[in-house]
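There are 2 protein chains.
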Amino acid sequence: MSAIIIDGKKIASEVKGELEGRIGKLREKNIFPYLVAILVGENPASVQYVNMKAKACTKIGIKSRVISFPEKLGEGELLELIEELNADKLVHGILVQLPLPNQIDQLKINLAVDVSKDVDGFHPENLGRLLLGKPNFIPATPLGILELLSRSGNSPVGKHTIVLGRGDLVGRPFSVLVSLKDKRANSTVTLCHSATRNLNHFTKQADILICAMGKARMITGDMIMPGAVIIDAGTSAVNDPSTEKGIRIVGDVDFDSVSEVAGFITPVPGGVGPMTIAMLLSNTVKAAEQINGICND
Amino acid sequence: MSAIIIDGKKIASEVKGELEGRIGKLREKNIFPYLVAILVGENPASVQYVNMKAKACTKIGIKSRVISFPEKLGEGELLELIEELNADKLVHGILVQLPLPNQIDQLKINLAVDVSKDVDGFHPENLGRLLLGKPNFIPATPLGILELLSRSGNSPVGKHTIVLGRGDLVGRPFSVLVSLKDKRANSTVTLCHSATRNLNHFTKQADILICAMGKARMITGDMIMPGAVIIDAGTSAVNDPSTEKGIRIVGDVDFDSVSEVAGFITPVPGGVGPMTIAMLLSNTVKAAEQINGICND
């Protein structure tokens, strides 16, 4: 073990501490940041994520509410609820927990959320602004990864960042974010995915390697450059009879072998996960500020 | 000279021939595709581009109109005109020629164009859909480059495509487009730009090299992999006393040295340029079809 561990919990606490200051200032103006989360169905992971988000809100003084629906909810009903929340002046952030059941068109739902309350950053207009280099709300996980890098002293500026996985939530938006002409980004970036041939050829070139494929422990120590910065955004359940539930959550990175070679590494859990929640809170505070004409950027 | 020249004019003619068939079918239904181009100021290149686009429309049976304004046009007046065109049922495509003068906020203008008439694909919502892998209107130059590749037998699937330049119009949207999980894309992609260190290290790895930096003849034969496919989207004016105007348009690629090493190469002019116009026409026909409930994808 030679790599330095990037402590996502600690960095998330720093971020949340800063947010508490901003929330305090909003309260002085009688503005109470308020996030509404919508949950459709009973996917255990989704239920757990939504509850974690709501709890994290409460802890730093953001009001939150979870609205739960049965799996068979119609698209029309969901659209109606979103319309109501868009119109509600006390609501600053609207989050629709993914994935949605098949009868609901996710793109239609993303488009329905008011762009000024789109704290998940999944509305195409917010993603388009990201692509144009003029982002407002950036999806929480990519934003959290950028914070992890800069707050751990691993600025991506001028580095070669390689992103593994082109998913909508992490890999693809992060590949755009890290390449922006911005003093915290400005990285040369390579996006690899399921059609990439000779993956090792690429992973070995990465100064910074972002793993977002969702393939348990696929990246091993022999695949990376000595001293590289390894960010693990993967979460997969693997069997582990030694635990109560018989499963355990692991990342895309084989921690034991990679941590022998890397310079920096995030653990799973305790790396990217806490940052995702912190950045959702950050986007909610930002929405409350912007809706009330306060600019903090 | 060993490289095969990719003839943009010829491929653009093929595309336009196919569009004439679709326009004919629309005419049978009394639908007449109609593009309105807005030009602000008298930038000679902009005037020339807009006129070329209008002429190309006429040639294949698309109705077009150029609305010109003086340089000092107010943002409000432009927004008003766009509102009118959005509401005009006979107009299928709206194009605002870039660049706009400084007093006009380009993002605001892009956001004002009805997404269903946004044939330039610059509305953030259309760019966001591209980022989500669910594109509708794709900017003309990136789309034209993808057509050039696939119609010249140089499919990017599984290849390493390197994009030089992260501009909004070409480099950045193309880097997303070519990496999509789509049977015509599916490329591993690296995006290089002004902050990239050791550019040669990257350019030499490219199976397909897209040059979109706007730096005259910067890419030379010693920088590329033998047999690579070279797409030159650059246009720069250089002094040339032998011409009538004293200048000449060249690309980002030093054609003489690169064509000795490359497998395929696009010329400037006659490569990417004609495809940009062809894809604008294609987007306009698509808009006319979609607005009238006809799906051709």
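From first to last, the protein sequence lines stand for chains U and Z. Going by our numbering, the residue at position 85 of the first sequence is 85; the numbering climbs one at a time, nothing skipped. The number in our numbering is simply the position in the second sequence, starting from 1, with 297 added. By construction, the Cβ of each residue, glycine as well, lies at the ideal position given by its N, Cα and C atoms.
About 11 Å separates the beta carbons of E368 (chain Z) and P396 (chain Z), which is beyond the 8 Å limit, so they are not a contact pair.
In terms of Cα proximity to V163 (chain U), the closest of U:R27, U:V229, U:V285 is U:V229. A residue is called buried once 16 or more other Cβ atoms fall within 10 Å of its Cβ, and A140 (chain U) is buried on that count. In chain order, L428 make up the part of chain Z whose C-beta sits under 8 Å from the C-beta of P173 (chain U). The Cβ of N483 (chain Z) sits closer than 7 Å to at least one Cβ of chain U.
Under the Cβ criterion of 7 Å, P367 (chain Z) is not counted among the residues facing chain U. Ranked by Cα distance from G468 (chain Z), the first of Z:V486, Z:H389, Z:P453 is Z:V486. Among the residues of chain U, those whose CB is under 8 Å from the CB of V486 (chain Z) are T190, L191, following chain order. Under the rule that a run must span 3 or more residues, the beta strand (DSSP E) segments found entirely inside the segment 91 to 149 of chain U read 93 to 96. Counting along the chain, the unbroken alpha helix (DSSP H) around N283 (chain U) starts and ends at 272 to 291. Taking a cut-off of 8 Å on C-beta distances, the segment 324 to 343 of chain Z touches the segment 383 to 395 of chain Z, as three or more cross pairs fall below it. In this structure, the straight-line span from the alpha carbon of A575 (chain Z) to that of K10 (chain U) is close to 54 Å.
Annotated three-state conformation of R514 (chain Z) is coil, per DSSP. DSSP, read as helix, strand or coil, puts A12 (chain U) in helix. F255 (chain U) is not a Cβ neighbour of I210 (chain U), given a cutoff of 7 Å. In the three-state scheme derived from DSSP, where H, G and I count as helix and E and B as strand, A237 (chain U) is classed as strand. Taken atom to atom, the span from the alpha-carbon of G464 (chain Z) to that of N154 (chain U) is near 26 Å. For S554 (chain Z), the uninterrupted alpha helix (DSSP H) run begins and ends at 552 to 555, by DSSP. In this structure, V582 (chain Z) sits away from R324 (chain Z), with a CB-CB distance that is not shorter than 7 Å. Between the segment 476 to 485 of chain Z and the segment 529 to 546 of chain Z there are fewer than three C-beta pairs closer than 8 Å, too few to call the two in contact. The beta carbon of V347 (chain Z) sits closer than 6 Å to those of A334, L336, V363, Q394, all from its chain and outside the five residues before and after it, given in chain order. When C-alpha distances from E260 (chain U) are compared across U:I224, U:K117, U:S68, U:G293, the shortest belongs to U:I224. With respect to the C-alpha of R514 (chain Z), the residue from Z:G590, Z:S447, Z:I528, Z:P523 having the closest C-alpha is Z:I528.
Contacts with chain Z at 7 Å (Cβ-Cβ) do not include L78 (chain U). In the three-state scheme derived from DSSP, where H, G and I count as helix and E and B as strand, D232 (chain U) is classed as strand.
Among the residues of chain Z, none has a CB under 9 Å from the CB of T284 (chain U); the nearest is roughly 21 Å distant. What N126 (chain U) touches in chain Z, judged by beta-carbon distance under 9 Å, is P421, G425, going in chain order. Only V454, G455, K456, H457 from the segment 435 to 458 of chain Z bring a Cβ to less than 9 Å from some Cβ of chain U.
Counting along the chain, the unbroken beta strand (DSSP E) around R65 (chain U) starts and ends at 63 to 69. Residue pairing by DSSP places F264 (chain U) opposite U:I4, U:V229 in a beta bridge. Listed by position along chain U, the residues whose Cβ is nearer than 8 Å to that of V473 (chain Z) are L131, R172, V176. It is roughly 6 Å from the alpha-carbon of G425 (chain Z) to the alpha-carbon of E125 (chain U).
No Cβ-Cβ contact shorter than 7 Å links A300 (chain Z) with A492 (chain Z). For R463 (chain Z), the chain U residues whose Cβ falls inside 9 Å of its Cβ are G133, S179, L180, K181, in order along the chain.
Note that the C-beta distance between K512 (chain Z) and D479 (chain Z) is not below 7 Å.
Residue contact with chain Z for T203 (chain U): absent (no Cβ-Cβ distance below 7 Å to any residue of chain Z).
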